[in-house]
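**Student:** Mind the numbering: the sequence shown is residues 14 to 479 in the working numbering, read in order.
Just so you know, even glycine gets a beta-carbon here, dropped at the ideal spot from N, CA and C.
It should be emphasised that the depicted structure is a prediction, and the values quoted were computed from it without experimental measurement.
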Amino acid sequence: SNTLNGVTSGNSILAAVGASGTILTSSDGISWTSRTSGTSNRLLGVNYVNTTISPESAFRAGGHYGTNLYSSDGIYWGGEKNCHAVDCGTQSYFLSGFSYGNNIIVAVGESGKIMTSSTYDNWNSTTSGTSENLSRITFGNNTFVSVGASGTIITSSDGKTWTSRTSGTSYDLNGVTNFDSTIASSGSGVFIVAGLSGNILKSTDNGSSFDNATSPTANNLYGVGFGNKTFVVVGDNGTIVKSADNGSSFDNATSPTSNILFGVGFGNDTFVAAGISGSIVKSTDNGATWDNATSPTANYLRGIVFGNNTFVAVGDSGNIVRSDNGSSFDNVTSPVTTHLIGVGFGNSTFVAVGDNGTIVRSTTDNGTNWDNATSPTTNNLYGVGFGNNAFVAVGDNGTIVRSTDNGTTWDNVTSPTSNFLIGVGFGYNTFVAAGTYGNILRSTDYGSSWDNATSPTPNQLRGVGF
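Following this line, the structure appears as structure tokens:
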């Protein structure tokens with residue numbers, strides 16, 4: 014079991030990162046699935062960066078050797094195509110946190126390292142004014158706030174010019190978050206910072222100045238989260254403390270673990286904290302009570318489609334489930350044990366695709382009975398779409414395969430790219446496929462031939478819809 018160093022939420026998904034490139038995701042905080050990160054470097058922090066610039070919002074994970082990973086969905090992760098100053102895990106410094114505000118992305122890390130980007134593609138160094146390690150960063154009320162070793166707190170309105178702030182402590186500060194308390198109709202924004210020896214700091218003036226808040230613990234604190242008008246801070250020995258009054262006072266919560274908790278996130282009315290040995294704990298009552306969650310699960314469902322008044326979902330180990338109402342699902346006998354990743358529907362036929370070129374199909378009983386189809390490839394297939402009496406599936410190394418007899422037989426199609434293709438859709442008599450490095454392909458002859466389309470982004474694209 015690997016140590017987990019950070020957890021966050023975004024796009025209805027929780028993501029945790031840690032040692033040896035570990036990335037776990039969960040949709041409910043209970044069941045967790047391991048994801049391929051593409052790196053063995055230690056990952057120190059993860060944030061969901063909700064941007065208004067191109068490309069789309071995404072999870073950002075940072076770690077040792079300048080590792081800088083991104084994922085638009087939490088499932089597929091990759092590094093920058095053109096890292097420039099952030100050289101995809103080859104640098105001597107580490108990155109530990111990301112945030113977005115005022116049309117700029119900011120990354121922080123070792124020895125006061127601050128990188129900024131307005132495109133995700135080109136990153137530039139900026140002077141932070143400190144040589145202390147920076148552990149976390151957040152944005153609120155038009156202000157970036159970053160914290161780190163020896164009580165360091167720095168703030169910036171544009172991510173480029175930074176001002177040192179007096180923290181009132183020399184302890185390391187390991188977590189920072191922002192709460193725009195206008196949501197709760199109670200005045201200006203609040204920043205909460207947590208650190209060693211139970212230190213909790215609070216700012217009510219956009220991070221310009223901080224005061225000590227009363228802490229109920231002397232244990233080291235590492236992570237801060239906010240949701241449903243509640244701050245939650247976690248740390249050593251399974252410590253969990255919470256505040257429901259904008260950080261004015263904190264109380265201990267009973268923890269189900271004695272393991273160190275390094276990070277905490279909030280999503281879907283659930284707090285989830287993660288720490289050493291893969292420990293994951295969750296709370297569904299605003300941090301009042303906590304339970305252990307199982308980490309991770311192999312029964313992840315990766316794709317779902319609707320057809321013939323039936324929902325069909327597919328996932329790991331060949332898992333196939335179906336429902337007539339979308340409320341309750343039943344298991345269906347699958348002819349494979351390989352992971353199924355994508356599923357499509359057309360001409361009263363369900364087609365699912367997955368690892369090692371796996372293709373299975375169902376033409377009777379609304380997804381109850383499934384058979385193998387002969388695949389022309391052993392490459393992983395990630396997505397499948399249907400249009401004008403043709404199924405098209407896409408996958409690794411630019412793979413494109415096509416069927417014109419309801420998924421019974423398949424042929425390889427010449428692809429203009431070797432990049433992974435992850436999603437495919439059909440509309441306006443055109444198939445469109447998309448994948449890594451912003452690659453977009455299109456076909457106007459029902460999947461027989463394909464051309465590159467101009468893409469405005471270098472980042473991974475996964476889903477296509479019309």
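#1: Could you tell me the distance, in whole angstroms, from the CA atom of Asn259 to the CA atom of Asn265?
#2: Suppose you measure from the CA of Leu17 to the CA of Ser112; what does that come to, to the nearest Å?
#3: Whole beta strand (DSSP E) runs in the stretch 216-255 with 3 or more residues, listed along the chain?
#4: Using the C-alpha atoms, what's the distance from Asn344 back to Asn419?
#5: With a 10 Å radius around its C-beta and 16 neighbouring C-beta atoms as the bar for buried, classify Ala231 as buried or exposed.
#6: Decide if the stretch 387-403 is in contact with the stretch 350-359; the criterion is three or more beta carbon pairs, one per stretch, under 8 Å apart.
#7: On the DSSP letters alone, give me the boundaries of the beta strand (DSSP E) that Ser159 sits inside.
#8: Give me the Cβ distance between Val158 and Thr168, rounded to the nearest whole Å; I'm assuming they're in contact under 8 Å.
#9: How is Thr21 classed by DSSP in three states: helix, strand or coil?
#10: Decide yes or no for the touch test of the stretch 382-391 against the stretch 430-441: beta carbon pairs closer than 8 Å, at least 3 of them.
#11: Quick one: using the 10 Å Cβ neighbour count with 16 as the cut-off for buried, is Asp185 buried or exposed?
#12: Taking DSSP as the reference, what is the three-state secondary structure of Ser124?
#13: When the distance is taken between beta carbons, is Ala306 closer than 8 Å to Gly42?
#14: Would you kindly work out how many angstroms separate the C-alpha atoms of Gly460 and Phe444, rounded to a whole number?
#15: Who are Ile166's beta bridge partners in DSSP?
#16: Roughly how many angstroms separate the alpha carbons of Ser163 and Leu37, rounded to a whole number?
#17: Residues in its own chain within less than 7 Å of Ile196 by CB, not counting five upstream and five downstream?
#18: Can you tell me whether DSSP reads Ser32 as helix, strand or coil?
#19: Excluding the 5 residues flanking Phe244 on each side, which residues of the same chain have their C-beta closer than 6 Å to its C-beta?
#20: Quick test of your reading: Thr390 and Thr421, contact by CB under 8 Å. State the CB separation rounded to the nearest angstrom.
#21: With a threshold of 6 Å on Cβ separation, who are the neighbours of Ile117 within its own chain once the five nearest residues in sequence on each side are excluded?
#22: Hey, Leu82 and Gly122: beta-carbon distance below 8 Å or not?
#23: To the nearest angstrom, how far is the alpha carbon of Asn137 from that of Thr165?
#24: Since I believe Thr346 is in contact with Tyr361 (beta carbons under 8 Å), could you give me their beta-carbon distance rounded to a whole number of angstroms?
#25: Pull up the distance between the alpha-carbon of Asp282 and that of Gly251, whole angstroms please.
#26: Using DSSP's beta-bridge definition, name the partner residues of Ile372.
#27: Distance, Cα to Cα, Val119 vs Asn322?
#28: When the distance is taken between beta carbons, is Thr35 closer than 8 Å to Thr60?
#29: Expressed to the nearest angstrom, what Euclidean distance is found between the alpha-carbon atoms of Asn225 and Thr217?
#30: Using DSSP bridges, identify the partner residues of Ile4.
#31: Determine the direct distance from the alpha carbon of Thr302 to that of Asp249, and round the result to whole angstroms.
#32: List the endpoints of the continuous beta strand (DSSP E) containing Gly400.
#33: Would you please state the rounded distance, in angstroms, between the beta carbons of Gly208 and Thr176? I believe it to be under 8 Å.
#34: What does the alpha-carbon distance come out to for the pair Gly125 and Val254?
#35: Would you report the Cα separation of Ser85 and Asn425, rounded to the nearest angstrom?
**Tutor:** In brief:
#1: The straight-line gap from Cα to Cα measures roughly 16 Å.
#2: Answer to the nearest angstrom: the Cα atoms are 20 Å apart.
#3: Look at the stretch 216-255 and you find these whole runs of beta strand (DSSP E), each 3 residues long or longer: 234-240 and 243-248.
#4: C-alpha separation (whole angstroms): 23 Å.
#5: Per the 10 Å Cβ criterion, exposed.
#6: Taking 8 Å as the limit for Cβ pairs, the verdict is that the stretch 350-359 does touch the stretch 387-403.
#7: Here the beta strand (DSSP E) through Ser159 covers Thr156 to Gly161.
#8: Indeed, because the Cβ distance is near 5 Å, the residues count as touching under 8 Å.
#9: If DSSP states are grouped into helix, strand and coil, Thr21 belongs with the strands.
#10: Between the stretch 382-391 and the stretch 430-441, the count of Cβ pairs shorter than 8 Å is below three; the stretches do not touch.
#11: Counting other Cβ atoms within 10 Å of its Cβ, Asp185 reaches 16 or more and is therefore classed as buried.
#12: Helix.
#13: Closer than 8 Å, so yes.
#14: So the alpha carbons of these two residues sit roughly 6 Å apart.
#15: Ile166 has Val160 as its beta-bridge partners, per DSSP.
#16: Per the coordinates, the alpha-carbon of Ser163 lies some 30 Å from the alpha-carbon of Leu37.
#17: Note that Ile196 scores a pLDDT of 31, beneath 50, so its modelled location is shaky; the value from the coordinates is reported in the next line. Hits under 7 Å: none found.
#18: The question names Ser, but residue 32 in the sequence shown is Ala. DSSP places Ala32 in the helix class (H, G or I) of the three-state scheme.
#19: Excluding positions up to five away in sequence, the list reads Ile205, Ser256 and Gly260.
#20: With 8 Å as the limit, Thr390 and Thr421 do not qualify as a contact, their Cβ atoms being about 16 Å apart.
#21: If we look at Ile117 and ignore the five residues flanking it on each side, its Cβ neighbours are Thr129, Ser131 and Gly172.
#22: Taking 8 Å as the cut-off, the beta carbon of Leu82 is found no closer than this to the beta carbon of Gly122.
#23: Cα to Cα, Asn137 sits roughly 22 Å from Thr165.
#24: Reading the sequence as shown, one finds Ser at residue 361 and not Tyr. Going by Cβ atoms, the distance from Ser361 to Thr346 rounds to 20 Å, so no, they are not a contact pair.
#25: Asp282 and Gly251 have their alpha carbons spaced roughly 21 Å apart.
#26: Looking at the DSSP output, Ile372 sits in a beta bridge with Val366.
#27: Their backbone Cα atoms lie some 46 Å apart in a straight line.
#28: Here residue 60 turns out to be Asn, not Thr, going by the sequence shown. No, the Cβ-Cβ distance between Asn60 and Thr35 is not below 8 Å.
#29: Looking at the two C-alpha atoms, the distance is approximately 12 Å.
#30: The shown model of the chain, from 14 to 479, leaves out residue 4, and the question about it has no answer.
#31: So the two alpha carbons sit approximately 18 Å from each other.
#32: For Gly400, the enclosing beta strand (DSSP E) covers residues Leu394 to Gly400.
#33: With 8 Å as the limit, Gly208 and Thr176 do not qualify as a contact, their Cβ atoms being about 20 Å apart.
#34: Linking Gly125 to Val254 through their CA atoms gives a straight-line distance of about 29 Å.
#35: Cα to Cα, the separation comes out at about 28 Å.
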